[in-house]
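Residue numbers (the working numbering), protein chains in the order written: chain X, 30 to 341; chain D, 4 to 505; chain S, 8 to 295. These notes are about the structure you will find just below.
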């Protein structure tokens, strides 16, 4: 093997897509947290966040009944007709057929985690079979996990080929590629992995931060690195990919900060559920509490709001 | 990134499709978010001499206006020579009889107390600072006030440890220090000047800038509340004549000045042969150097922070961007996108990124230099943003196609105006960066560690920010080379400029 | 018949070469008894300018030398002076000093060179710092030489004072244009010959002889000199301060009216080095 071709995949990709300074990213996103969103802008932002939700339940103890009540909440989050339904319900592949039944004929999509979520540690053909099964059961969207083991070993072609295979398996379903940022650890790796995915997915697909099953989930920092990758990819190729931060976003205030990041980095064209999603469960209730508070002027008690699912 | 641009050019040619663009519109527009804390302004501010607020002997007052809306905020006592004389007399007495003799541990406690009392009233002071000077409340709240308090806190701890400042020698106070400070960081500059001087056992006569005296005189209230012995700090307001009276007063053992190079030179001339000590922190025309391997988005953020922080009213502002030719187009494109989302307007709105220019004369100076840039053939870009109808505002401005001989590449503009030049090699970057009479600060952006160390060695500047920009800390010495002045403020090095060694 | 000795034509050491004034002017030097000794070059504004040019050429290279190397070269200069102490003492005696005094001054000058030679690789450790800033940055302050320094030597202790002013300037990497004692220039002429054999690169120290009234105003206004240090009268201090203001030059001047004790322990310390240094603070983020 020649010296040049043996340069690591990391440094070759770094040369191609550039690196990230961690402290600089933290400083950039700290500015989002100082934005003060008031009055009409706040209500608009809160409703927008509701419309971008992938309302999620991903538990071993999920049952058709639990999924049914989740779907009900997704379709009618609030008695106020001005509050839109959420974007999707997100469930395990075994629950897709139950969810599909409940949200049929509505705008609410069914998203399914697949590919041996959350670890992804099964043979590729099994992961692909799971994707096909979920789509066959009625999933509109597939949330896959990337092969972090292969990524950290520098086997970038393998990571990318697997994503491409899942794209094929999805057919017309949209794909969300979960990088599992906490396992990639550095912003550099998050940027590299974003590009590996961006280069093989389609307009309307998404990249996504996390499974929600590890210690660290969506932060403004890794959201920033990923939306900058989406922006650079869009400006280079014209292909607009969506973004989904998932896990750890529990409060309305956090959600608004993420939306500010979108507004100031990707611009207005990404302020839509077609291009931005929140993967969350407990966030919805806080959004509803704040919408209600803006309407009535009074702070709301949590038990006014249903389905306070604690787990992500 | 070069491959990315090349691809982009291809993409825009392909299929005849227009190049992709981002839309920064008003789909989700923010409502006004004014800071509502009461700045507790008085209609009239007197001088602070000998621990008391006293009217000026000449009976004259001048108006301080809000540059954000051109409304009068308060009137400020104009100090004449007799007032300056009284201030020095009070300072001499206090230094000789009380402050200079006080054990360091006791002086320390007063400084700690000043830090705490300032923290207590931080929001009130932040609002006053933004009203009087035009800077965004976000900055006065999150930068000026915390940093001012931090300077007192840091230097307080030195007051009883001065034997560690100058190994082999004993550091002793100089006596009375005359200090003249600028309008860009009114309260913070006051903290930078007072804290080391007081920690060392000196007393002070200080003059804030004439357009921004309010927070200095509000700080007099804190000095009074702290119980600091009368006369240790005396605050006299006024313009150039008052400053000259401070500089030329025979009782001054040292003059410390922060401001323009022009005035700094005049002060140095005035002090020639007098034996008074002098430190000067003057202007700058800093180069911010971006290499092709830099983390570009963070570099762009650093460039923005470097030139648009405080409307560009920053002596160390990164006003000359030197960008490596292979990434020049990408960096400029990213910069244009980034400044599209900067919010220009009411300094008191919590979402404002760029507030008001400090004064009408400063606004005119900026306009004049920007006009010269256009006339001399540089290409200007300003994002489309609405400016308030009243008040002094200027859009964030980029100039491309700038060369070393353009006025906008040589003269300090002190406004939100960035001149962009390109370079091809490391040597050329260093040469262009150093090709200025100034030498206050510089920035360098690259992923290569050894290159950072080489540049930080070769750039003739007192502060080098590598992969960051416009960072400050009380423990970090600040000050310039060449015509940016001499002496340092902050850290152990800064203390040495406020003492005599025996 | 007694052999007629060859007398030396005094030349000044500038840019590593021995030159006479470009003006061709000289000043006769007499010894304490009034007897003619030699014609000393009377350097002019232009000689000062040429010396600054020579210093400017030598500066970057000298500053880039390792501290260890600069220390060794200063030590080597001490060796040269020690080895030729008798010749130097004779030069000092021209001004009227007794033999013991002349030897004392020479020895003190050697010791002073050795003292500053030892500082070369240590002052940075005492003056520099790593600063504990309250953010995710590594922040450190290092010193740098200022560049070209003008030195104005007094008449008392013509060798020791000159060495005491020049050594702390060059030890950190500055380069010097020095004006020797106007009344007792001969030791500086001899010192130049020792500098030339000390491994010190040409142009690092440039010695001028001549009239203060001609050279001091040039030092004051020459913008390329970043500092002027030495001993000056009240009028000269005013001239230097006023001229320095035009380019914000640093002045470190002792009053000529209060002659210093150049032999005292307090005449040498870290702080004369510090006065001719810049402090540079570098920030870098800490993050993976």
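Even for Gly, the Cβ is constructed at its ideal location relative to N, Cα and C.
| query | Cβ of residue 290/S less than 8 Å from any chain D Cβ? | reply | yes
| query | Are any of the Cβ atoms in chain D nearer than 8 Å to that of residue 125/S? | reply | no
| query | Cα-Cα, which of 504/D, 478/D, 465/D and 475/D is closest to residue 489/D? | reply | 465/D
| Any Cβ of chain X within less than 8 Å of the Cβ of residue 4/D? | Here the model assigns residue 4/D a pLDDT of 39, short of 50, so the residue's position is not dependable and the matter cannot be decided.
| message | Let's test the definition: count the other Cβ atoms within 10 Å of the Cβ of residue 183/S and tell me whether it reaches 16, buried, or not, exposed. | response | buried
| request: Tell me where the beta strand (DSSP E) around residue 203/D begins and ends. | output: Note, residue 203/D: premise wrong, no beta strand (DSSP E); not H, not E.
| request: Count the other C-beta atoms from every protein chain shown that fall within 10 angstroms of the C-beta of residue 74/D, then say buried if there are 16 or more, exposed otherwise. | output: exposed
| query | Start and end of the alpha helix (DSSP H) containing residue 48/S? | reply | No alpha helix (DSSP H) holds residue 48/S; the beta strand (DSSP E) holding it covers 43-48.
| task | Give the secondary structure of residue 127/X by DSSP, where H, G and I count as helix, E and B as strand, and everything else as coil. | result | helix
| task | Could you work out which residues of chain D lie near residue 297/X, taking near to mean beta carbons separated by less than 9 Å? | result | 25, 26, 27, 28, 29, 30 and 31
| Since residue 48/X meets chain D, which of its residues come closer than 7 Å, beta carbon to beta carbon? | 298 and 450
| Can you list, in chain order, the residues of the region 133-161 of chain S whose Cβ is nearer than 9 Å to any Cβ on chain X? | 142, 143 and 144
| Which of helix, strand or coil does DSSP assign to residue 105/D? | coil
| message | Closer than 7 Å between beta carbons: that is the criterion. Which residues of the region 257-291 of chain S meet it against chain D? | response | 257, 276, 277, 278, 285, 286, 287, 288, 289, 290 and 291
| request: Quick one: grab the DSSP three-state call for residue 284/D. | output: strand
| First and last residue of the uninterrupted beta strand (DSSP E) at residue 146/S | 144-152
| query | Taking only beta-carbon atoms, is residue 103/S less than 8 Å away from chain D? | reply | no
| said: 8 Å is my cut-off, CB to CB: does residue 334/S come that close to chain X? | reply: Because chain S spans 8 through 295 in this model, residue 334/S falls outside it and cannot be assessed.
| request: Output the boundary residues of the beta strand (DSSP E) element that contains residue 384/D. | output: 382-384
| query | Apart from the five residues on each side of it in sequence, which residues of its chain come closer than 8 Å, Cβ to Cβ, to residue 39/D? | reply | none
| Within-8 Å CB hit, residue 471/D to chain S | yes
| query | Rounded to the nearest angstrom, how far is the Cβ of residue 480/D from that of residue 153/D, given a contact under 8 Å? | reply | Actually they are not in contact, since the Cβ atoms of residue 480/D and residue 153/D sit about 15 Å apart, beyond 8 Å.
| said: Can you tell me which residues form a DSSP beta bridge with residue 305/X? | reply: 272/X
| task | Report back the beta-carbon spacing between residue 50/X and residue 298/D to the nearest angstrom; my notes put them in contact at under 8 Å. | result | 4 Å
| said: Short of 8 Å Cβ to Cβ, which residues in the region 255-267 of chain X face chain D? | reply: 257, 260, 261, 263, 264, 265, 266 and 267
| DSSP three-state assignment for residue 13/D, whether helix, strand or coil | Any reading at residue 13/D must be qualified, since the residue scores a pLDDT of 46, below 50, and its modelled position is unreliable; no value is offered.
| residue 244/S CB to nearest chain D CB: under 8 Å? | yes
| Own chain residues within Cβ distance below 6 Å of residue 283/S, not counting five before or after | 153, 156, 176, 181 and 234
| field | residue 119/X, DSSP secondary structure in three states | value | strand
| For residue 192/D and residue 256/D, the rounded distance between their alpha carbons | 20 Å
| said: Quick check on the DSSP output: the alpha helix (DSSP H) that includes residue 69/S runs from which residue to which? | reply: 52-71
| request: Starting from residue 16/S, follow the beta strand (DSSP E) in both directions and report where the run begins and ends. | output: First-last for residue 16/S: undefined, no H or E at that position.
| query | Which partner residues of residue 232/S appear in the DSSP bridge assignment? | reply | 155/S
| query | Between which two residues does the beta strand (DSSP E) carrying residue 448/D extend? | reply | 444-448
| Does the count of Cβ pairs from the region 452-463 of chain D and the region 244-256 of chain D closer than 8 Å reach three? | no
| field | Where residue 74/D falls: helix, strand or coil (DSSP) | value | strand
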